[in-house]
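Trainee: Dropping the structure in here first, questions after.
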Amino acid sequence: MGKSVLTIRLDDITPDMDWGKFERLKAIFDKYGIKPLIGVVPDNQDPKLKVGKARADFWEYILELQKDGWSISQHGYTHVYDSQNGGLLGLHRFSEFAGLPYEVQFDRLKRGQEILQSHGIYATIFMAPGHTFDENTLKALKELDFQYVTDGYASEPYKRSGLTFIPCKISSPKAVTGYDTLCLHLNHMSEAEMEELHKFLGNNKDLVVSYAKVLDEDFHKEYNDKIASEEEKALRARNKRKNVANDTVMQRYLQRTYSEKKWLKQIKRILGLPRLMVELLIRKIKK
Ligand SMILES: [Zn+2]
Numbered sequence: 160m161g162k163s164v165l166t167i168r169l170d171d172i173t174p175d176m177d178w179g180k181f182e183r184l185k186a187i188f189d190k191y192g193i194k195p196l197i198g199v200v201p202d203n204q205d206p207k208l209k210v211g212k213a214r215a216d217f218w219e220y221i222l223e224l225q226k227d228g229w230s231i232s233q234h235g236y237t238h239v240y241d242s243q244n245g246g247l248l249g250l251h252r253f254s255e256f257a258g259l260p261y262e263v264q265f266d267r268l269k270r271g272q273e274i275l276q277s278h279g280i281y282a283t284i285f286m287a288p289g290h291t292f293d294e295n296t297l298k299a300l301k302e303l304d305f306q307y308v309t310d311g312y313a314s315e316p317y318k319r320s321g322l323t324f325i326p327c328k329i330s331s332p333k334a335v336t337g338y339d340t341l342c343l344h345l346n347h348m349s350e351a352e353m354e355e356l357h358k359f360l361g362n363n364k365d366l367v368v369s370y371a372k373v374l375d376e377d378f379h380k381e382y383n384d385k386i387a388s389e390e391e392k393a394l395r396a397r398n399k400r401k402n403v404a405n406d407t408v409m410q411r412y413l414q415r416t417y418s419e420k421k422w423l424k425q426i427k428r429i430l431g432l433p434r435l436m437v438e439l440l441i442r443k444i445k446k
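See the structure below:
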């Protein structure tokens, strides 16, 4: 087994995001000297991402973060999903890019790039909204001189269509094997989740690194059949986990056996098993 590296990305960075939560997260990163990757939406039109008061010095502040060693990526263009295509990874059935004609995609990417550049930000990393992109997206990115994509479901970075993919498979802190990126949506993070991250970083100082440190490495491995099948397997396992999470019987079980106290939760989970079995059985008979 090769080395294990975990880095961090923050999605949905907009002038009107939840700055209170951002500052709270930044303090945690500062404590451990970690500089994450941020995904800046060039011209956000997605109402779901407008959660607070817009920061007037937004672009100056982003440049400041960059000067401080944070990595910047272009997170789409307007963050509006007007395609129902799952793209190459198929993690979601919505996209700002996948499934649309090359010219439309190129135009959106270029407009986004121009906005960032007008503020002095020259991003070579692309962060696809919804993790959705297709071959045309990659072609347009290459044409626009992008070098990296923060996505991929393999255990190590690979090159595809002339771009380097840095894997991004997890959305809650956990020890990983191989290369991975923890994807955080700060607008939705609870205080408990912030505290969990805080503890995790304290306990995994050798594992978690700044994004720039990963970019410093040279990755040459081309996407091949072996990587493709590894990626497929990981995606299947992920979809299975997601199905459990979306299952109403399972959800009710997890809710009624939940406790803030870990030991109590474990006991409740075990004691709740017979009822879960009965409910699953009833559902099976009804079908
Ligand atoms: Zn997003």
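For the sequence shown, this note's numbering assigns the number 160 to the initial residue and increments by one for each residue that follows.
Glycine included, C-beta positions come from ideal geometry on N, C-alpha and C.
Give me the Cβ distance between P195 and Y370, rounded to the nearest whole Å; I'm assuming they're in contact under 8 Å.
Mentor: Right, their Cβ atoms sit about 6 Å apart.
Trainee: Under 8 Å, with one C-beta from each stretch per pair, do the region 269-289 and the region 177-193 reach the 3-pair mark?
Mentor: The region 269-289, when compared against the region 177-193, does not touch it at the 8 Å Cβ threshold.
Trainee: Span of the alpha helix (DSSP H) holding L131?
Mentor: Limits of the chain in this structure are 160 at one end and 446 at the other, which puts residue 131 out of reach.
Trainee: For H290, count the other beta carbons within 10 Å of its own beta carbon; 16 or more makes it buried, fewer makes it exposed. Which is it?
Mentor: Counting Cβ neighbours within 10 Å, H290 comes out buried, since at least 16 surround it.
Trainee: Which class does V368 belong to by DSSP, given the choice of helix, strand or coil?
Mentor: Looking at V368 - three-state DSSP - the assignment turns out to be coil, as it is neither helix nor strand.
Trainee: Using the three-state DSSP reduction, which class does E384 fall into: helix, strand or coil?
Mentor: With the sequence shown as reference, residue 384 is identified as Asp, and Glu is not the correct amino acid for it. The answer is helix: DSSP assigns D384 an H, G or I state.
Trainee: If you follow the alpha helix (DSSP H) that L224 is in, where does it begin and where does it stop?
Mentor: L224 -> alpha helix (DSSP H) spans 217-226.
Trainee: In three-state terms, what does DSSP make of D170?
Mentor: Here D170 sits in strand by DSSP.
Trainee: Suppose the cutoff is 7 Å on Cβ atoms and the five residues either side in sequence are ignored; what does the same chain contact list for E438 look like?
Mentor: Correct list, in chain order: V408.
Trainee: Can you determine whether any heavy atom of ligand 1 sits closer than 7 Å to the C-beta of P288, and answer yes or no?
Mentor: P288 Cβ: within cutoff of ligand 1.
Trainee: What separation, rounded to the nearest whole angstrom, lies between the Cα atoms of L247 and L394?
Mentor: Taking the straight line from one Cα to the other gives about 11 Å.
Trainee: My parser needs the alpha helix (DSSP H) runs of 4 or more residues fully inside the region 169-204; what are they?
Mentor: DSSP runs (the alpha helix (DSSP H)) wholly in the region 169-204: 178-191.
Trainee: On the three-state DSSP scale, how would you describe T340?
Mentor: Reduced to three states, the DSSP call for T340 is strand.
Trainee: Once you ignore the five residues that flank S330 on each side, which residues in its own chain have a CB closer than 6 Å to its CB?
Mentor: Same-chain partners within the cutoff: C342.
Trainee: What number of angstroms, rounded off, separates the C-alpha of F253 from the C-alpha of K385?
Mentor: Answer to the nearest angstrom: the Cα atoms are 28 Å apart.
Trainee: Helix, strand or coil for L303? Go by DSSP, reduced to three states.
Mentor: DSSP places L303 in coil when its eight states are reduced to three.
Trainee: Grab me the residues of M353's own chain with a C-beta within less than 8 Å of its C-beta, minus the 5 sequence neighbours each way, in chain order.
Mentor: Here the set comprises K180, R183, L184, I187.
Trainee: By the DSSP assignment, the beta strand (DSSP E) with R460 in it spans what residues?
Mentor: There is no way to answer for residue 460, as the model of the chain reaches only from 160 to 446.
Trainee: Taking all protein chains shown into account, do 16 or more other C-beta atoms lie within 10 angstroms of the C-beta of Q204, making it buried, or fewer, making it exposed?
Mentor: Q204 comes out exposed.
Trainee: Does ligand 1 have a heavy atom nearer than 7 Å to the CB of D202?
Mentor: No, since every heavy atom of ligand 1 falls outside the 7 Å radius drawn around the Cβ of D202.
Trainee: Can you tell me whether DSSP reads L425 as helix, strand or coil?
Mentor: Per the sequence shown, the amino acid found at residue 425 is Gln instead of Leu. Three-state DSSP puts Q425 in a helix.
Trainee: Counting pairs of Cβ atoms below 8 Å between the region 271-288 and the region 224-244, do you hit three or more?
Mentor: They touch, by the three-pair rule.
Trainee: Give the secondary structure of Q243 by DSSP, where H, G and I count as helix, E and B as strand, and everything else as coil.
Mentor: Three-state result, Q243: coil.
Trainee: Run through DSSP, which three-state label would F359 get?
Mentor: Helix.
Trainee: Note down the Cα distance separating R428 from F305, rounded to an integer number of angstroms.
Mentor: Distance between the alpha carbons of R428 and F305: 47 Å.
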